[in-house]
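Take 2 as the starting number for the sequence shown in our numbering and just add one per residue.
For each residue, glycine too, the CB sits at the ideal point set by N, CA and C.
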Amino acid sequence: MSKELQTTLDGIAEAAQALGAALPGPGGVVAKIVGIAVSSAAAFARAGKDPLVEIQRIHSSDPLVRKVNDGWDEAIQQKLGVLDVGDDPYAAVTTLAHHLKLAFDRVAAPGLELSVTYQATGSDDPEQARDSLARARRTDAQRKRTSFGPHRDDIAIGIDVGDDPYEEDKT
Numbered sequence: 002m003s004k005e006l007q008t009t010l011d012g013i014a015e016a017a018q019a020l021g022a023a024l025p026g027p028g029g030v031v032a033k034i035v036g037i038a039v040s041s042a043a044a045f046a047r048a049g050k051d052p053l054v055e056i057q058r059i060h061s062s063d064p065l066v067r068k069v070n071d072g073w074d075e076a077i078q079q080k081l082g083v084l085d086v087g088d089d090p091y092a093a094v095t096t097l098a099h100h101l102k103l104a105f106d107r108v109a110a111p112g113l114e115l116s117v118t119y120q121a122t123g124s125d126d127p128e129q130a131r132d133s134l135a136r137a138r139r140t141d142a143q144r145k146r147t148s149f150g151p152h153r154d155d156i157a158i159g160i161d162v163g164d165d166p167y168e169e170d171k172t
């Protein structure tokens, strides 16, 4: 790993730890956790190891992490009231959007509105999906990743600020 990466990771870890010490409550705890994680990544980089590979190795070997990962989907489904996220991503995002908007409304300034939308990368039609996969197969094999499928879908989150008082009047 490059010295520049190590220095960058050390700086981010230090900043996160300082932020964690300054922030009260859950925000401070999250910042401290980020600081510890980035500090660990920096230590792996200094030892000449790939931080991502090492963190994934630790995660895969830790029984507590495996237990958390195994129960994650069920916990999300229970919390959000989604029966099966994989079968209907639109329903899952609708439910998620509802919860996000409730949380956003509690902390946002008046007049701000949160938008949450599901952005599919391909067609829901199985025949069109098969055609897209077939057309991309050679390129995907060369790149060693797939360019089409639900794993490439995204959730777009935006904040509508309403009328911009600084926008020039064009009428």
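Mark residue i as exposed unless 16 or more other C-beta atoms lie within 10 angstroms of its C-beta, in which case mark it buried.
i	result
residue 10	buried
residue 48	exposed
residue 54	exposed
residue 22	exposed
residue 27	exposed
residue 108	exposed
residue 43	buried
In angstroms, rounded to a whole number, what distance separates the CA positions of residue i and residue j?
i	j	result
residue 125	residue 151	9 Å
residue 46	residue 35	16 Å
residue 114	residue 157	14 Å
residue 103	residue 6	39 Å
residue 59	residue 67	10 Å
Taking DSSP as the reference, what is the three-state secondary structure of residue i?
i	result
residue 148	coil
residue 161	strand
residue 43	helix
residue 25	coil
residue 62	helix
Taking the DSSP output, what are the residues bridged to residue i?
i	result
residue 120	155
residue 114	161
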